[in-house]
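Q: Dumping the structure here so I can ask a few things about it.
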Amino acid sequence: MFDRAFPVPGIGSHPDEEDIRARRDKFRQARAEPGLERVQSDTVEGGEPEKEVARIQEEARGLHTLYAITARHHRLKPFDSDWAGHCQAVRVTIPATIAEDAPIWTYLGVVKREDHLAFSVEEIVAGYETAFGTRPTVARVDLITGARHYDLDRFAPLSVFLAYAKVDDKIPSFYVYESGSALGAPAKLYWAKDLDYLITDSAGFQFTPFARTQNTYRGKLIMNRAKTEPAMISISISLDEDGQREYMNLSASYEVVEPGPVVWPITVQIQAAMR
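Taking my numbering, the leading residue of the sequence shown gets 2, the next gets one more, and so forth.
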């Protein structure tokens, strides 16, 4: 079902589906609850990777900012269809260079290079220079994205990079958003010149069988009043460059939350596939 609903050939890397299914079933049998509220030791051997992964995620409780996201998918043409789903994201600081790359374990799961088209400050700087012809001053980049829960499933059709001129800055200088498939494979980066920039770009990939790679995306990140946290990403999709043939609106609203139950990404993937 997912291959039909979200065809993104050649993009990103995917674990073997049979292995994922077997490991997911093992977690369920071990009663490793989302949110890591209990893992019954009598059903999981102490040396097994499932228990170790659950322990690592639990130990990351409180180390990163977590978000509850309400994602809206409103199709205007050829028929009206409005759907809202709920998922989760985490904010991590990515390394300065590619050489420093390492997986980042969080309460929601692991964030790693394989799930992103950029995963270092130097790549964000280089990409900005390619897009706009000037080299920005960037000392830190935070990535807000869906984590791979238990290193199995990930739901992150939209991720956001926030670039900061100084390491301890609270307000970012510019942003980049990354689109991808509902299965977590990254597809394209969309670059904003500054924090108030309205991005206009071609889609660059086929999110669903009904989409076209040449569709035009118009998107903007709206920050909270203090400009320290994302409030919403709003994207309109049209069949032409002038936006006159708009047929879909996408949005994702962000709310900072405390650690609680973790939503299994597979449940959101199923809901999205039904659209």
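All C-beta atoms in this analysis are idealised placements derived from N, C-alpha and C, irrespective of residue type, glycine included.
(1) Taking the Cβ atom as the reference point for each residue, do Ile238 and Tyr218 lie within a distance shorter than 8 angstroms?
(2) Measuring alpha carbon to alpha carbon, tell me which of Trp106, Asp102, Thr131, Ala188 ends up nearest Val91.
(3) With a threshold of 7 angstroms on Cβ separation, who are the neighbours of Asp202 within its own chain once the five nearest residues in sequence on each side are excluded?
(4) For Pro187, list the residues DSSP reports as bridge partners.
(5) What do you get for Asn225, buried or exposed, if any count of 16 or more other CB atoms within 10 angstroms of its CB means buried?
(6) Inspect the CB distances between the stretch 149–159 and the stretch 177–185 and report whether three or more fall short of 8 angstroms.
(7) If Thr146 and Val112 are in contact, beta carbons under 8 angstroms, what's the gap, nearest whole angstrom?
(8) From Leu199 to Val177, what does the alpha carbon distance come to, in whole angstroms?
(9) Evaluate the contact criterion for the stretch 249–268 versus the stretch 65–75: three or more CB pairs, one atom per stretch, below 8 angstroms.
(10) Should Pro187 go down as buried or exposed, given a rule of 16 or more other Cβ atoms within 10 Å for buried?
(11) Report the residue from Ser121, Leu109, Tyr108 whose alpha carbon sits nearest the alpha carbon of Ala100.
(12) Please tell me whether Lys171 and Ala140 are closer than 8 angstroms, where the distance is taken between their beta carbons.
(13) On the DSSP bridge list, what partners appear for Pro231?
(14) Mind checking who Glu247 pairs with in its DSSP beta bridge?
(15) In angstroms with no decimal places, state the Cα-to-Cα distance between Leu64 and Ala127.
(16) May I have the straight-line CA-CA distance separating Arg143 from Lys52, to the nearest angstrom?
(17) Would you decide whether Arg39 is buried or exposed? Buried here means 16 or more other CB atoms lie within 10 Å of its CB.
(18) State buried or exposed for Val258, treating a residue as buried only when at least 16 other CB atoms are found within 10 Å of its CB.
(19) What does the Cβ neighbour count give for Val264, buried or exposed, with the cut at 16 atoms within 10 Å?
(20) In chain order, what are the residue ranges of uninterrupted alpha helix (DSSP H) at least 4 long that sit wholly in the stretch 85–130?
(21) DSSP on Glu49, reduced to helix/strand/coil?
(22) Under a Cβ-count criterion, where at least 16 other Cβ atoms within 10 Å of its own Cβ denotes burial, should Glu124 be classed as buried or exposed?
(23) Look at the Cβ atom of Leu67, then the Cβ atom of Tyr108, and state whether they are nearer than 8 angstroms.
(24) Going by C-alpha distance, which of Asp154, Trp84, Pro173, Arg114 is nearest Thr98?
(25) Tell whether a beta-carbon distance below 8 angstroms holds between Ile236 and Gly220.
(26) Grouping DSSP H, G and I as helix and E and B as strand, with all else coil, what is Arg136?
(27) Can you tell me whether Asp102 is buried or exposed, with buried defined as 16 or more other CB within 10 angstroms of its CB?
(28) To the nearest angstrom, report how far apart Gln58 and Asp154 are at their CA atoms.
A: Taking the geometry as given:
(1) Taking C-beta atoms as the reference points, Ile238 and Tyr218 count as a pair closer than 8 angstroms.
(2) With distances taken between CA atoms, Val91 lies nearest to Trp106 out of Trp106, Asp102, Thr131, Ala188.
(3) Around Asp202: Tyr191, Tyr218.
(4) In the DSSP output, where bridge partners are listed per residue, Pro187 has Gly181.
(5) It is exposed - the Cβ of Asn225 has fewer than 16 other Cβ atoms within 10 Å.
(6) Contact holds: three or more Cβ-Cβ distances are below 8 angstroms.
(7) Between the beta-carbon of Thr146 and that of Val112 there is about 6 angstroms, and that keeps the pair under the 8 angstroms contact cut.
(8) If you take the alpha carbons of Leu199 and Val177, they lie about 11 angstroms apart.
(9) With contact defined as three or more Cβ pairs closer than 8 angstroms, the stretch 249–268 and the stretch 65–75 are in contact.
(10) Buried: at least 16 other Cβ atoms inside 10 Å.
(11) Of the candidates Ser121, Leu109, Tyr108, the one whose C-alpha sits nearest the C-alpha of Ala100 is Ser121.
(12) Lys171 is not a Cβ neighbour of Ala140, given a cutoff of 8 angstroms.
(13) Its beta-bridge partners are Met224.
(14) Its beta-bridge partners are Ser239.
(15) Straight-line measurement puts the Cα of Ala127 at about 29 angstroms from the Cα of Leu64.
(16) At residue 143 the sequence reads Asp, which differs from the Arg that was named. Looking at the backbone, the Cα of Asp143 and that of Lys52 are separated by about 29 angstroms.
(17) In this prediction, Arg39 has a pLDDT of 37, which is less than 50 and means its spatial position is unreliable; what the coordinates show is noted afterwards. Arg39 should be labelled exposed.
(18) It counts as exposed.
(19) By the Cβ neighbour-count rule, Val264 is buried, with 16 or more other Cβ atoms within 10 Å of its own.
(20) Listed in chain order, there is nothing to give.
(21) Coil, per DSSP.
(22) Answer is buried; the Cβ neighbour count reaches 16.
(23) Yes, Cβ-Cβ distance for Leu67 and Tyr108 is below 8 angstroms.
(24) Selected option, being the one with the closest Cα: Arg114.
(25) Contact flag set, yes.
(26) Coil at Arg136, not helix or strand.
(27) Sixteen is the threshold: since fewer than 16 other Cβ atoms of the shown chains lie within 10 Å of the Cβ of Asp102, the residue is exposed.
(28) Taking the straight line from one Cα to the other gives about 14 angstroms.
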